[in-house]
Amino acid sequence: MIMVDNGVTVPGRVSEDDRRARIAGLVSAARDGHPEAVSELVSELTPVLWQVARATGLGAADAEDVIQTVWMSLLSHLEGIRTPAALTAWLVITTRREAWRVKKADRKQSPADQEWLIAVPDPRPGSEESVITADEYRQLWAAFLTLPQRCQELLRIVAFVPRPDYDEVAATLHMPRGSVGPTRGRCLDKLRTALGPEEGIR
Amino acid sequence: MIADDAGLIGAIREVFESVDPMPADLPERIRFAIALRDLDAELARFASESDEAAIAVRGMEESRTITFDSDSLTIMIRIDGNADGTVRVDGWLAPAQAGRVEMRRVDNSIAVTADEAGRFAFLSVPRGTARLIVGLLGEGSNGRPNGEKSVITPALILLAAE
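In order, the protein sequence lines correspond to chains A and B.
Per my numbering, the first sequence runs over residues 318 to 519.
Per my numbering, the second sequence runs over residues 6 to 167.
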């Protein structure tokens with residue numbers, strides 16, 4: 318779901334308010350032990366968790382294991398989770414922590430696991446929905462790869478966490494580890510600088 | 006043209022959805038793992054590597070038999086295509102025994118009964134990913150009932166004849 322500048326959703330997609338209401342209902346149903354509710358939450362949020370796990374540089378197979386572990390663990394933590402934002406925050410933070418833990422435990426990641434780093438993205442089919450042109454797309458990718466690793470991770474997570482849920486996640490993501498942590502705004506500024514003043518993406 | 010933060014973040018999202026998309030079957034595998042969490046199931050494995058390579062089973066042209074082994078049970082299945090594009094699955098349990106055989110799919114499940122000879126059949130199932138869960142009701146080696154002991158197969162991709 319791509320939010321356009323003024324907060325209006327792309328036509329044909331559910332509005333953010335509807336999404337939150339639906340997820341709130343699913344969270345409550347999941348707490349009451351309805352397995353279909355858990356299934357729907359898995360469909361809804363696993364794509365976000367995939368990006369969070371892969372943003373740490375974790376290999377594909379390990380990322381899948383981490384995400385599965387996190388969902389299993391959520392089932393025993395549902396009692397304390399009341400809102401969609403709290404659910405997203407718990408899942409994202411736990412996935413990120415677990416992904417980093419696994420990555421540190423196994424330093425030797427296969428180069429093939431990072432092949433997306435060198436992939437040149439092609440514009441997706443059905444590009445009427447796309448917010449950027451093919452050229453912008455390639456420029457953005459090239460600029461993104463010049464960012465410090467922590468900015469890459471932060472922006473990748475920011476891009477997938479639903480906007481209203483973001484605040485609950487932000488505090489943890491911005492936590493400095495020994496140095497000044499990157500903030501969303503500072504990383505976006507760096508990206509703009511890397512894109513250059515004359516590029517299509519301002 | 007992307008003028009503001011939200012637009013730029015949306016563009017980053019598009020790039021990653023294209024460059025490193027989530028494996029399409031990941032949610033299904035997670036749902037499955039969750040569904041099995043409380044089921045005390047024994048995992049059956051493909052009896053041979055050639056079977057494992059053939060998990061995508063196309064009916065009609067290549068009617069074939071696949072064998073799964075677990076500690077307590079061997080499950081053999083044969084898959085044939087029906088004329089209407091669905092798939093027929095015939096199975097045998099060894100050692101021969103009665104039980105309940107469930108074919109669990111992403112969105113539904115169908116259950117049939119295996120007879121005393123261990124035979125069961127799903128006459129017409131749609132194509133797609135499925136697993137078999139065999140619930141055994143027989144007696145254990147000590148003569149006492151096993152209770153609801155279950156054996157589950159890896160995911161099979163059932164393809165209808167084209």
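Cβ coordinates follow ideal geometry from the N, Cα and C atoms, glycine included.
It should be emphasised that the depicted structure is a prediction, and the values quoted were computed from it without experimental measurement.
In summary, the residues of the region 352-368 of chain A whose CB is separated from some CB of chain B by less than 8 Å are Pro352, Val355, Ser356, Val359, Ser360, Thr363, Pro364, Trp367, Gln368, in the order they occur in the chain. Valine 20(B) has a beta carbon lying within less than 8 Å of a beta carbon in chain A.
Excluding sequence positions up to five before and after valine 139(B), its CB lies within less than 7 Å of the CB of Leu78, Ile80, Leu98, Gly104, Val106, Ser155, Val156, all in the same chain and listed in chain order. Listed by position along chain A, the residues whose Cβ is nearer than 7 Å to that of arginine 36(B) are Ser356, Val359. Nearest in C-alpha terms to phenylalanine 477(A), of all of Ser356(A), Arg371(A), Ala341(A), Leu343(A), is Arg371(A). At a cut-off of 8 Å between C-beta atoms, proline 32(B) counts as an interface residue with respect to chain A. Per the DSSP secondary-structure output, valine 94(B) pairs in a beta bridge with Ile84(B), Phe127(B). Taking the Cα positions, tryptophan 388(A) is about 23 Å away from aspartate 335(A). Taking C-alpha positions only, aspartate 30(B) is separated from aspartate 382(A) by approximately 13 Å. Counting along the chain, glycine 513(A) sits inside no beta strand (DSSP E), nor does DSSP assign it H or E at all. For methionine 27(B), the nearest beta carbon of chain A is closer than 8 Å to its own beta carbon. Taking 8 Å as the CB threshold, aspartate 95(B) stays off the interface with chain A. Beta-bridge annotation (DSSP): alanine 40(B) is not paired with any residue. Beyond the five residues adjoining it in sequence on each side, alanine 341(A) comes within less than 8 Å, by CB distance, of Thr400, Pro401 in the same chain, given in chain order. Taking 8 Å as the upper bound on Cβ-Cβ separation, chain B lies near residues Glu381, Ile384, Gln385, Trp388, Met389, Leu392 of the region 381-411 of chain A. The DSSP-derived three-state label of aspartate 76(B) is coil. Neighbours of valine 475(A) across chain B, judged by C-beta separation under 7 Å: Ile14.
At least one CB of chain A lies nearer than 8 Å to the CB of arginine 42(B). In this structure, arginine 136(B) lies away from arginine 93(B), with their beta-carbon atoms at least 8 Å apart. When 7 Å is used as the limit between beta carbons, leucine 471(A) is near no residue of chain B, the shortest such separation being about 11 Å. Within the DSSP bridge table, the entry for alanine 99(B) names Thr79(B) as partners. Chain B places a beta carbon closer than 8 Å to that of tryptophan 458(A), counting this residue as a contact. If you ignore the 5 residues before and after alanine 354(A), its C-beta comes within less than 7 Å of the C-beta of Leu343, Ala346, Ala347, all in its own chain and listed in chain order. Within chain B, Asp25 have C-beta atoms less than 8 Å from the C-beta of arginine 371(A), given in sequence order. The bridge partners DSSP lists for phenylalanine 51(B) are Phe73(B). Each residue's CA atom was taken as its position, placing arginine 509(A) and glutamine 466(A) some 16 Å apart. In the three-state reduction of the DSSP assignment, glycine 104(B) falls in the strand class. Residue pairing by DSSP puts serine 155(B) in a beta bridge opposite Ala46(B), Gly140(B).
Straight-line measurement puts the Cα of glutamate 357(A) at about 23 Å from the Cα of serine 23(B). Taking C-alpha positions only, arginine 34(B) is separated from isoleucine 384(A) by approximately 11 Å. For serine 114(B), DSSP records a beta bridge to Arg109(B). What leucine 505(A) touches in chain B, judged by beta-carbon distance under 7 Å, is Asp10, Leu13, going in chain order. Residue contact check for isoleucine 17(B) against chain A: a CB pair falls below 8 Å.
Bounds of any alpha helix (DSSP H) do not take in isoleucine 398(A), whose DSSP letter is neither H nor E.
Linking valine 419(A) to glycine 133(B) through their CA atoms gives a straight-line distance of about 33 Å.
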